[in-house]
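Number of protein chains: 2
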Amino acid sequence: MPSSQTIDDIDKRILQALLDNALLTHKEIGQLVHLTGQAVGARVRKLQDLGVIDGYTLRWNPVSIGLNVHAFLTVFMNSNEAHRAFQAFVESNEAVTEAHRVGGEGCYWLRVRVGDSSELNKLLDEVLKFGNYKLSLSIEQIK
Amino acid sequence: MPSSQTIDDIDKRILQALLDNALLTHKEIGQLVHLTGQAVGARVRKLQDLGVIDGYTLRWNPVSIGLNVHAFLTVFMNSNEAHRAFQAFVESNEAVTEAHRVGGEGCYWLRVRVGDSSELNKLLDEVLKFGNYKLSLSIEQIK
DNA sequence: AACACGCCTTTCATCGTGAAAGTGAATGCG
DNA sequence: CGCATTCACTTTCACGATGAAAGGCGTGTT
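Sequence lines, in order, name chains A and B. The first sequence runs 1 to 143 under the numbering used here. The second sequence runs 1 to 143 under the numbering used here.
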């Protein structure tokens, strides 16, 4: 096993390469960092065991299946009792693709994807039951 | 080739499965949707060709490499001339992991990851050159 | 009824993967 | 100083996932 507990510079370069393209073979990564594919494989396994790598997923294009609206929502809660219900709402609503408890501006931050503004309207009505919000619509992702 | 241009329900289920775990073999996905691995492979290729699937990447844990601070930044620009410079700044600054041009609250929305609050401080100083901001710190991701 | 087309399955060769064994360097201990 | 131990890497090898090619089946068209 490679540097069994610590994460060195080579590990970070492997991580970076996989973030860019998780389908790279260990051999290809090995050419970047000057190792054999098997050595890279061992390091990747280490990164998984340490919890640095949490899983493998897709980069994809929601617009292509009709999710044209991409919005960010900062939510301000009305009361202190609504939190549990709000979290349940977030969990069950599939338009909410990411959610954080935050400090600073607002109580929660949500990423929302819906097909059109009428669906957004419906969602905002739901959110209003729990508190106020500020909305930003993504016009273009620049990074 | 499967339903060469359109995306049917099976495609969506394949997409969902891969979003959850991109390492599933085509055969395993095939068992979920009642197809052979090869048929699944053909559909995945179609999704790639159509641009629905944009690439493969990792789910990972930034905290494990010392990026303990996760912040959302809504930026309000000072002047109309600063946009190009701001976009260049965003592009070159590696603490900014995601950025959008937005409408609604603010002009830009940024996701920021840094190691500690002093690094955050430095970043905010940079941002102040372009405009004002509102900051939210992620306390816990709930989805 | 015959044909064509789309989508699937079957078959097959290739290649990536992880386990096991071996090499070499660095460190520790007598 | 020499020997053993450990650690990371390489080499070898067997398994299985993948994609190409060919064959089968249903549907729609004339």
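In this text, a Cβ means the ideal position worked out from N, Cα and C, and glycines have one as well.
Spell out the partners DSSP gives residue i in its beta bridges.
i                      : result
residue 111 of chain B : B:72, B:98
residue 145 of chain A : Lying before the first or after the last residue shown, residue 145 of chain A is absent from chain A, which here runs from 1 to 143.
residue 141 of chain A : B:100
residue 57 of chain B  : A:57
On the CB-based measure, 16 or more other CB atoms within 10 Å of its CB, does residue i come out buried or exposed?
i                      : result
residue 141 of chain B : exposed
residue 86 of chain A  : buried
residue 117 of chain A : exposed
residue 136 of chain B : buried
residue 147 of chain B : No answer is possible for residue 147 of chain B: it lies beyond the span of chain B, which begins at 1 and ends at 143.
Find the residues of chain B that neighbour residue i, judging by a C-beta separation of less than 9 Å, and give them in chain order.
i                     : result
residue 99 of chain A : 141, 142, 143
residue 72 of chain A : 72, 74, 100, 102, 104, 105, 109
residue 92 of chain A : Within chain B, no residue comes near residue 92 of chain A; the closest Cβ sits about 10 Å away, beyond 9 Å.
Excluding the five sequence neighbours on either side, which residues of its own chain have a C-beta within less than 6 Å of the C-beta of residue i, listed in chain order?
i                      : result
residue 82 of chain B  : 130
residue 110 of chain B : 73, 96, 99
residue 33 of chain A  : 10, 13
For residue i, which residues of its own chain have a beta-carbon under 7 Å away from its beta-carbon, when the five flanking residues on both sides are left out?
i                      : result
residue 1 of chain B   : Confidence in residue 1 of chain B is poor, its pLDDT being 44 and thus under 50, which makes the residue's placement too unreliable to answer from.
residue 105 of chain A : 74
In chain order, what residues of the same chain lie with their CB nearer than 8 Å to the CB of residue i, ignoring the 5 residues before and after it?
i                      : result
residue 30 of chain A  : 36, 37, 39, 40
residue 15 of chain B  : 47, 52, 53
residue 126 of chain B : 89, 93
residue 112 of chain A : 69, 70, 71, 72, 73, 95, 96, 97, 120, 123
residue 155 of chain A : The displayed coordinates of chain A run from 1 to 143. Any statement about residue 155 of chain A would go beyond what the structure contains.
Run through chain B and tell me which residues come within less than 7 Å of residue i, C-beta to C-beta.
i                     : result
residue 64 of chain A : 50, 51, 52
residue 36 of chain A : Correct list: empty, because the minimum Cβ distance to chain B is about 21 Å.
residue 21 of chain A : 55, 56
Taking residue i as the query, report the chain A residues whose CB atoms sit under 9 Å from its CB, ordered along the chain.
i                      : result
residue 68 of chain B  : Neighbours of residue 68 of chain B on chain A: none; closest Cβ ~14 Å, over 9 Å.
residue 132 of chain B : Simply none; closest approach about 12 Å.
residue 15 of chain B  : 58, 60, 65
Residues of chain A with a CB under 7 Å from the CB of residue i: which are they?
i                     : result
residue 25 of chain B : By Cβ distance, chain A contributes nothing, its closest Cβ being about 12 Å from residue 25 of chain B, past 7 Å.
Report the neighbours of residue i on chain A: residues whose CB is nearer than 8 Å to its CB, in chain order.
i                     : result
residue 7 of chain B  : 64, 65
residue 85 of chain B : What residue 85 of chain B touches in chain A: nothing, since even the nearest Cβ is about 13 Å away.
residue 12 of chain B : 65
Could you tell me whether the segment 15-24 of chain A touches the segment 125-143 of chain A, where touching means 3 or more Cβ pairs closer than 8 Å?
No: the two stretches stay apart, fewer than three of their Cβ pairs being nearer than 8 Å.
Using 8 Å as the Cβ pair cut-off and three pairs as the minimum, do the segment 65-73 of chain B and the segment 85-94 of chain B touch?
Contact between the segment 65-73 of chain B and the segment 85-94 of chain B is absent, with fewer than three C-beta pairs closer than 8 Å.
Should the segment 41-57 of chain A be regarded as contacting the segment 10-20 of chain A, the criterion being three or more beta carbon pairs within less than 8 Å?
They touch, by the three-pair rule.
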